[in-house]
Each structure stands twice: as structure tokens, then as C-alpha cells.
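Read through the structure below, which is laid out as C-alpha cells, and then see the notes.
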Amino acid sequence: MSDDGGGPHEKPGIKERIAAASPFLAHVIRMLDHYGQRRGNLAAGGATYFGFLSFFPLLAVSFAVVGQLAEVYPDAQQDFVDALSGVLPGIVSVDPAPGRIALSDIASNAPAIYTVGLATALYAGLNWVSGLRDGLNQMLDLPTTEAGNIVKAKGTDLVTLVVLGLVLVASVSIGGLPVALGSTILDAIGLPGPLGAVLLTLLSVAVGVAVSTLLFWAIFRLLPKPDLPAAALWRGALFSAVGFELIKQFASLILRGASSVPVASLAIALTLVVWIYYFSRLVMYGVSWACTDEETLAEIAALEGAGLGQDGRDQVADDDGAWVEDDVVEVEPADVGYVRPLAVGFGLGALLGGLLGRSTRDD
């Protein structure tokens, strides 16, 4: 129906109704729009390529180092495998096993790995850092490349890669403490078995989210160096960390089953690609969450009123909380921006599920 003196009454769309339901859902809508407008899936895909290429060389170098440390600290190999299995179970083992990478085999070839493997790991790792930075800059509407001394730039990337590696190792190690010290913790608090096990699981998840938040915050601060409110950046890191913990649980179920199928190597490689891709997407989602945080939007509104951008130059801010120059042409969001990758993920999951199901029937 329509009024006599006006146009037809338009009902709010689905997005508007969802956004009106709660501030959290409104923030989710803003984040998805921000992510879709800046082609976040493509940015994550670019980082995934070099992330997958760098995984095995970095793993080989790590195994070689741990193998040498085992001569001084005999439990180093098992501790490393246990820590890595906390994130990616079913991929590595100390001794040779079907469908797994054996630490003992790599340690025996340490001299060759220290040369070829290290060079490959550095090349792929530095390109992964560069790709991840370009993706984050794309989310922040910052230049994706910077002119300057390439040696200095690669040196900075190397330092960033080492720091992120140390943070990742620390996060995995700390995240595994509740499980490693499970019996000691349960004895100390004096809880019965089932209730204590539930509490231990919740504690492990909480610690995992906390250390993952630190990891994502380090990525945000070291790579694009965004001029965003600190609290908003921490909330973006927390958003990514919660998603990362869910991915770790999902990967645990898939990888444990994939290691037993006849084509375990293919299944594990495929799962790794999907895992790294969704990790990269979480990085992009986290910074998009920070860009569309209420505190960020309030700061943008204040600076926009003064006609200034983040760096004090004449800039404006769009409705999603990103800093743009006056002559930047915005890209309209695609309706399927975050639907197609979800369909692809379901397809890959169905493929892995079929492989697992066929293996179960054969047994």
C-alpha cells in the first residue's frame, strides 16, 4: 500500500532486521560488509598460497633442529610432536607411521635440510609475511606495496617472521599446559573425575583463546601497523581467536580421521590448504572487526568532522570504518562475497567425509 502523498512503504531487508536485533549482530553485518567490499577472500587466498608452500619447509627445519636438541634433551622430539598435534593432530609422529611425517626421518637428513630446506623456508615464509601484510593493508585501505630499500624491507619481514614464529610456539606450548598438567591440576583442586575433566577442557579452551588472541594481536601490530584504537584491535584479535579455536577443534576431528584413509597424504594436504585458508580469513575478519568497532567508528566520526584522516591529512571515512582518500572509488559489495567460499568449504568437507566414510565401510 502507499500513502496519498508519498511513496510505498518499504519493509526493511533481512540485513536491516538482523542488525536491529542486537548491537553484536549489527557489528557482524558491518564487519561482513567491510570484508566483502575489500575482497577479503582474495586477500586470504593470496596469503594461503605461500602459507601452504612454507608449511612443510618450516616443519622440516623445525624437525631438524629438534632432532639435534634431542641429543641433549631426550624428550624434545615427543614434546614437539605433542605441541604441534595440539593444533594439527594426525600429521606428525616421532617414528615412521602411515600417512604421517616422521621426525626421525627428517632428523637423519639434517645437513641437507639446513641448506635447501632453510632457503626454501625463508623464501616461502617471507612471501607469506608479505602476502599477509598486503591482505591486511587491503582491509585497511592502505597501499599494498611500499617503495623503498628491498633489503631493508625483507630484513623487516624476516624479523617479523621470527617474532611471529616465537609467538606461535609460545602460544602452542602455553595452550597445551592445562592438558599436560591435567592430573596435577585435578589433584590440586580435588574435583572428581568427570567434573574435573569438564573443567579441565574449559580451562584448556580458555587458555587457547587467550594465547591465540595474543598471536592475532601480534599479527595486526607487526604487519600493517594500523592506526586503530588499541581496545578495538584487541577485540578484533579476540574475535579471530575464538574462530581459530573452533577451527582447531574441527581440524582435530578431520585430521585424525584423514590419517587412516588410503589416500591419507592427499587428504591431509587438502585439509591443510583449507585450514590455512580459513586461518588467513580469520586474520582478515579480525582486522575488519576492529575497523568496524564502535570505538573506531566514533573516532572516525570525530576526525571526519575535522576533515582529517588517521595521519592528519585530508581524508574521509566510509560507513564501515575504513580510512579512504577522497578520490578512492569504493567497490560495491558482492551479494555472494561470503557465500561462495562457504559452499567450497562444504564441498571439501563432503569430499573428506566421503573418503572417511568409504574407509569405515571397508573396515
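This note's numbering applies: residue 24 is where the sequence shown begins, and numbers increase by one. Don't be surprised by glycine CBs; every beta carbon is placed ideally from N, CA and C.
Hey, could you find the ends of the alpha helix (DSSP H) residue i is sitting in?
{"i": "Lys-38", "result": "37 to 44"}
{"i": "Thr-138", "result": "Careful: Thr-138 lies outside any alpha helix (DSSP H) and carries neither H nor E."}
Considering only C-alpha positions, which residue in the set the options is nearest to residue i?
{"i": "Phe-239", "options": "Gly-188, Gly-213, Gln-272", "result": "Gly-188"}
{"i": "Ala-193", "options": "Thr-236, Val-221, Ser-153", "result": "Thr-236"}
{"i": "Gly-231", "options": "Gly-266, Ile-52, Ala-142, Asp-102", "result": "Gly-266"}
{"i": "Glu-268", "options": "Ile-212, Leu-226, Leu-245", "result": "Leu-226"}
{"i": "Leu-204", "options": "Gly-219, Leu-191, Val-190", "result": "Gly-219"}
{"i": "Ala-264", "options": "Val-221, Ala-292, Arg-244, Gly-309", "result": "Gly-309"}
{"i": "Ser-77", "options": "Val-174, Val-234, Leu-155", "result": "Leu-155"}
{"i": "Val-17", "options": "Phe-243, Gly-259, Val-104", "result": "Outside the modelled stretch of the chain, which goes from 24 to 386, sits residue 17, for which no answer is possible."}
{"i": "Trp-257", "options": "Phe-273, Ala-233, Tyr-96", "result": "Ala-233"}
{"i": "Ile-270", "options": "Ala-241, Ile-37, Val-228, Leu-245", "result": "Val-228"}
{"i": "Val-185", "options": "Val-104, Ala-241, Glu-94, Met-307", "result": "Ala-241"}
{"i": "Met-307", "options": "Leu-289, Gly-158, Lys-38", "result": "Gly-158"}
{"i": "Gly-259", "options": "Lys-38, Val-51, Ile-41", "result": "Val-51"}
When DSSP builds the beta bridges, which residues end up paired with residue i?
{"i": "Ala-313", "result": "DSSP lists no partner for Ala-313."}
Tell me which same chain residues have a C-beta within less than 8 Å of the C-beta of residue i, skipping the five on either side of it?
{"i": "Gly-68", "result": "Tyr-300, Ser-303"}
{"i": "Lys-177", "result": "Leu-149"}
{"i": "Asp-98", "result": "none"}
{"i": "Val-359", "result": "At Val-359 the pLDDT is 39, less than 50, meaning the model places this residue with poor confidence; the figure from the coordinates comes in the next sentence. Contacts found: none."}
{"i": "Arg-40", "result": "none"}
Would you say residue i reaches chain D, if we count a Cβ-Cβ gap shorter than 9 Å as a contact?
{"i": "Asp-56", "result": "Of the protein chains in the structure, only one exists, and it is not chain D."}
In its own chain, which residues sit with a C-beta less than 6 Å from the C-beta of residue i, not counting the 5 before and 5 after it?
{"i": "Thr-71", "result": "Ile-299, Tyr-300, Ser-303"}
{"i": "Leu-82", "result": "none"}
{"i": "Ser-311", "result": "Met-54, His-57, Tyr-58, Met-162"}
{"i": "Phe-73", "result": "Ala-147, Asn-150, Trp-151, Gly-154"}
{"i": "Phe-262", "result": "Gly-309, Trp-312"}
{"i": "Ala-325", "result": "none"}
By Cβ distance below 7 Å, which residues in the same chain neighbour residue i in space, the five residues on each side in sequence not counted?
{"i": "Pro-80", "result": "Gly-140, Thr-143, Ala-144, Ala-147"}
{"i": "Phe-75", "result": "Leu-295, Val-296, Ile-299"}
{"i": "Gly-36", "result": "none"}
{"i": "Thr-183", "result": "Val-152, Leu-245, Leu-246"}
{"i": "Ala-49", "result": "Ala-42"}
{"i": "Glu-322", "result": "Pro-252"}
{"i": "Val-84", "result": "Ile-136, Gly-140, Leu-141, Ala-144"}
For the ligand FAD, I want to know if residue i counts as a neighbour, meaning its beta carbon is within less than 8 Å of at least one of the ligand's heavy atoms.
{"i": "His-50", "result": "Here there are no bound small molecules, and the ligand FAD is not part of this structure."}
Meets three-Cβ-pair contact criterion under 8 Å: the segment 45 to 64 and the segment 139 to 151: Between the segment 45 to 64 and the segment 139 to 151, the count of C-beta pairs closer than 8 Å stays below three; the two stretches do not touch.
The segment 301 to 314 touching the segment 40 to 48, judged by at least three CB pairs closer than 8 Å: Counting Cβ pairs under 8 Å, fewer than three are found: no touch.
The segment 304 to 318 / the segment 238 to 254 touching (three or more Cβ pairs under 8 Å): Short answer: they touch.
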